[in-house]
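J.: In the working numbering, the protein residues as written are 54 to 709.
1. To the nearest angstrom, report how far apart residue 215 and residue 250 are at their CA atoms.
2. Output the boundary residues of the beta strand (DSSP E) element that contains residue 179.
3. Report back the beta-carbon spacing between residue 185 and residue 97 to the nearest angstrom; my notes put them in contact at under 8 Å.
4. Whole-angstrom Cβ separation of residue 323 and residue 365, contact assumed at under 8 Å?
5. Taking the beta strand (DSSP E) that residue 486 falls in, what are its first and last residues?
6. Counting C-beta neighbours from all protein chains within 10 Å, is the total for residue 391 16 or more, i.e. buried, or is it exposed?
7. Less than 8 Å between the beta carbons of residue 569 and residue 551, yes or no?
8. Mind listing, in chain order, the continuous alpha helix (DSSP H) runs of no fewer than 4 residues lying wholly within the segment 253-329?
9. My parser needs the beta strand (DSSP E) runs of 3 or more residues fully inside the segment 557-609; what are they?
10. Taking the C-alpha atoms as reference points, what is the distance between residue 121 and residue 113?
11. I need the straight-line Cα distance from residue 263 to residue 305, nearest angstrom please.
12. Alpha carbon to alpha carbon, what distance is there between residue 600 and residue 592?
13. Provide the residue span of the alpha helix (DSSP H) that contains residue 123, from first to last.
14. The beta strand (DSSP E) that contains residue 154, what's its start and end?
15. Measure the Cβ-Cβ separation of residue 708 and residue 668 and say whether it is below 8 Å.
16. Give me the Cα-Cα distance between residue 458 and residue 420, rounded to the nearest whole angstrom.
17. Can you look up residue 224 in the DSSP assignment and give me helix, strand or coil?
18. Below 8 Å between beta carbons: does that hold for residue 484 and residue 469?
19. With a threshold of 8 Å, are at least 3 pairs of Cβ atoms found where one atom belongs to the segment 100-112 and the other to the segment 140-154?
20. For residue 539, which residues does DSSP report across the bridge?
21. Please list the terminal residues of the continuous beta strand (DSSP E) segment that includes residue 652.
22. Relative to the C-alpha of residue 153, which residue among 141, 307 and 136 is closest?
23. Where does residue 348 fall in DSSP's three states?
24. Name the DSSP beta bridge partners of residue 140, please?
25. In three-state terms, what does DSSP make of residue 551?
26. Apart from the five residues just before and just after residue 284, which ones in its own chain have a Cβ nearer than 6 Å to its Cβ?
27. Where residue 512 and residue 456 are concerned, what is the direct C-alpha to C-alpha distance, given to the nearest angstrom?
28. For the alpha helix (DSSP H) containing residue 112, name the first residue and the last one.
29. Helix or strand or just coil, what does DSSP make of residue 71?
30. With a threshold of 16 other CB atoms inside 10 Å of the CB of residue 219, please say whether the residue is buried or exposed.
31. What separation, rounded to the nearest whole angstrom, lies between the Cα atoms of residue 172 and residue 488?
32. Could you give the residue range of the beta strand (DSSP E) that holds residue 194?
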């Protein structure tokens, strides 16, 4: 395996006229399995028109645009499918839909879209990050356009009257930068910075009020950002001056901090705020109230106006909101009040199982794939945070596959051993993702991977040596025998054909004696055989599969010719002609059993067909001579007398 890293940095101009700085980072890892991982990064401003140019992927990675098209380049995952589109013909990324940075990321900075692009043959996986730059397209705004406050005329200068904050969805210099107040003849403001870096304003009374001179005042609090052009939002404050109430409520802290676990049960106490009032009686009785809490947040929390206890009333989800900010007021019965802010941090609970997504999958794969060949790419995510969102992925054991971590949240399934389709034609591979929560959650996904055949097995005959017989005088084309071979491969690689191997017998091609059916292996006689000329011969048959290149094996078939009784016995002695008889002399004094003569015959057939028997068919005196059944010897069976005829005529028949 070898690595290479290429870093690009270029400055160009976006098509909408704005200055665009583009950074490209490409990390290319080339594995033995021919899979390439890379990463590219671009930056574009939000609110670009649909179709606007984002970046030239082909150019930045040195890839021919035609390669992207032939490789089926496509965006396979991520959060950008609707916002960023791939133009495969040009090898560029363009804006697919209007991009609102604030809608995508809120206050999170930097804001980026992450997705992956995949190409095949060879498989390439590219991680692409498009950073969305903020445009000052949002003005600061207050939760309400106007508020009403009641203040006692006896309120002392320096008393904090109001704590307020505006919201600006933009970030950086484009977000909220400060506040102004008008008029300022009785009130002043101080700009404060909260723990999270946000700016809020506190309004103080700095000149005494006199209800009898003026019982109502209208102030305008303006929030401004730092963008260009500068944007602002205003809050009108209507103040009613009340009769004297010497002391007002005072919160123990200007800001309260608390935390609550997500999915906390309804009624769970989050925190208790407390304010004191030095007065006695009704003017010293303090009640607590929410101030400018958004409706969706008001559904999640309740405030006991008498105790200051804040409890959970709705479903809190860390993945939706990690922090809540509540504005509170403490009021006495005389109209004086103090303000504070409660910041509630949501603690993540491991309540989300990992999500496994199959990004790319190649099935079937060849059984001769080398170790390390990429089979599939999966994406594993867990929207929890910290260890609850940290995931480890594994696969089932005792299979010739392994899982490797590639890009962040991505795993590559590769071969890790020898594949043999004849032993396992398919594998059920189960991915299991487990997070690292205290009580871990897990998810699994099973894929079925088929193994395609390679012609790695030669045909095998049932026997290496066969014996067959055929009766002589057979009819040409008669079936003699059939051979059979098996191939453990599949499909075309297992398709069998049989071939008679060229050889010679008695100076003639073997094909003039025997033929073999190419599909069935059936052996047929080409001619009629004569046992007396040919008793046996051998042929050689090759079984060949349909692979490329083809594999084959050979077998030998010994063919024996069976004899038929197709030849009559031939008398060798005595030699006869058609016109004369053979004469033998017997002395009258011959004893019983005297050998007169012997008939000798042969039969060119074999076996039983060649066994001869001799019989006396005709005789002048059957009581005088006999013929040996097996040996053809003619002997007298009694003494010759004077009464016997001088000439005795014998006819002997030889049978097989």
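Even glycine gets a Cβ: it sits at the ideal position worked out from N, Cα and C.
The structure displayed is predicted, hence computed values, not measured ones.
T.: The answer reads as follows:
1. 20 Å
2. 177-186
3. 7 Å
4. 6 Å
5. 479-488
6. buried
7. yes
8. none
9. 567-569, 575-578 and 589-597
10. 13 Å
11. 28 Å
12. 25 Å
13. 118-123
14. First-last for residue 154: 154-158, but that is the alpha helix (DSSP H), not the beta strand (DSSP E).
15. yes
16. 24 Å
17. coil
18. no
19. yes
20. 513
21. It is not in any beta strand (DSSP E) - residue 652 carries neither H nor E in the DSSP assignment.
22. 136
23. helix
24. 145
25. strand
26. 192 and 278
27. 36 Å
28. 110-114
29. Any reading at residue 71 must be qualified, since the residue scores a pLDDT of 35, below 50, and its modelled position is unreliable; no value is offered.
30. buried
31. 30 Å
32. That residue, residue 194, is in no beta strand (DSSP E); it is neither H nor E in DSSP.
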